[in-house]
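Report on the following structure.
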Amino acid sequence: MSVAGSLSPLVDLVFPPRCPLCGEGISGQDGLCVSCWENLVIPGNPACAQCGRPFDGGIVQGSTCAPCLADPPRHDGIAAATLYNDTSRKLVLSFKYGRKIALASMMARLMAAKLDFVDETWLIVPVPLHRWRIWRRGFNQSAILSKEIARLTGAQLCIDALKRKKATRALGGLGAKARKRELSGAIAASKNRSALLKNANVLLVDDVLTSGATSDACVAVLKKADAERVVISCFARVLDEALDVV
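Quick note: the sequence shown uses the numbering used here, first residue -18, plus one each step.
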C-alpha cells in the first residue's frame, strides 16, 4: 500500500469526505455524491464521426453533422467527458477559480474514459495560457489535467509544446471573425519541441470547449508544425442543443 493509501483513513477521519458541489457526505475524497453524478451529462452515440456531436435518434453512427459538412474541421476529433450544464459548470468554476485543484484527478478520469485510443505513442499537449494569466491564477488548469491524463494513459506529456505569445481578451460575446482576429498570432509552437511534434499524434487538452476558437488556433499551429493527428480532449463541451438529445 502506498503512503497516500495508508493515510487515507486518517485523512477521512479528520476531514470527512464531502461532495465538492453540494456538501453531501460521500465515501471518498475525490468523488461526487450520487445526485450530483446523475446530473452530469455524458455524451454518447450516435454522434458525428468528425466532431463527436451527439445526434438525435434515427441517425446512423458514422454520419457527419451539418456544421462539419458546412465547415470541415482541422482537428481529427473531439472527445468530451461531459456536456456543459449547471453541474459541470460548478465543477469547472470550483477547479479553475475556486482553486480546488484536487478536482483534477476526478475530472481527468472522466476525460480518460473517452480516450481508449490513446497510448504511449501519443503526445499530450495542454492549451497554453499567457504568462500574465498564469501569474494571476497561479496555474494552468489545462496543464494540470494534461498531467493527470498522461499518468492515466501512459502517453508522453509535453507541457510547453505550445506557448501563448500575447494576452487576449475574453472571447465570449465576440463573433467568429472577431475571435479569429483576437487569436491571430497569439499561439505558437515551441521551436525546441519541433522534432517532438513532427508526425506526432497529439491530444490537445482543455477544460471547457465553447466556440472552439482557441482550440482551432492551437490545432492550426500543431498541424503547421507537422503533427499527424490532433484530437481535442475537454472536460465539458458547450452544446446546448445537444442536452435534449443525450
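Glycine included, C-beta positions come from ideal geometry on N, C-alpha and C.
Please read all numbers here as calculations on a predicted model, not as lab measurements.
Query, Result
"Exposure of L110, with buried meaning 16 or more beta-carbon neighbours within 10 Å", "buried"
"Buried versus exposed, by CB contacts within 10 Å (16 or more), W113", "exposed"
"Beta carbon of D57 nearer than 8 Å to that of V212", "yes"
"Among S16, S165, R210, Y65, the one whose alpha carbon lies nearest that of V146", "Per the sequence shown, residue 146 should be read as Lys rather than Val. Comparing Cα positions, the closest option is S165."
"Three-state secondary structure (DSSP) of C49", "helix"
"Residues near L87 in its chain [Cβ-Cβ closer than 7 Å; skip 5 each side]", "A small correction: the amino acid at residue 87 is Met; Leu does not occupy that position in the sequence shown. Within the same chain, M87 has close Cβ partners D11, G12."
"Beta-bridge pairing of N20 - partner residues as DSSP gives them", "Bridge partners of N20: none, in fact."
"DSSP beta-bridge partners of P107", "V186"
"Contacting residues, own chain, Cβ-Cβ under 6 Å from W103 (five flanking each side not counted)", "A136, N182, L184"
"Residue environment, Y65, which counts as buried when at least 16 other CB atoms sit within 10 Å", "buried"
"Nearest-angstrom Cα separation, counted from F76 out to K128", "15 Å"
"Top-ranked residue by Cα proximity to T149, from T195, L72, S16, G4", "T195"
"Sheet register partners of A217 (DSSP bridge)", "T63, V189"
"Local conformation of I168 per DSSP, three classes", "strand"
"Uninterrupted beta strand (DSSP E) stretches inside the segment 76 to 149 (no shorter than 3 residues)", "103 to 107, 143 to 145"
"Cβ shell of A85 (< 7 Å), same chain only, five flanking positions each side left out", "F76, I125, L126, E129"
"Residues near S214 by beta carbon distance below 6 Å, same chain, minus five either side", "A60, M92, L184, V186"
"Residues that P35 bridges to, as DSSP identifies them", "A28"
"Residue interval of the alpha helix (DSSP H) (run including L203)", "194 to 205"
"Pairwise C-alpha distance: F216 and K89", "The residue you asked about is not Lys; residue 89 is Ala in the sequence shown. Looking at the two C-alpha atoms, the distance is approximately 8 Å."
"Contact under 8 Å by Cβ, L203 with A170", "yes"
"Spatial neighbours of C32 in its chain, beta-carbon cut-off 8 Å, leaving aside the 5 residues before and after", "C46, P48, C49, P54, H56, G58, I59"
"Among L138, N20, S192, nearest to A159 - alpha-carbon criterion", "S192"
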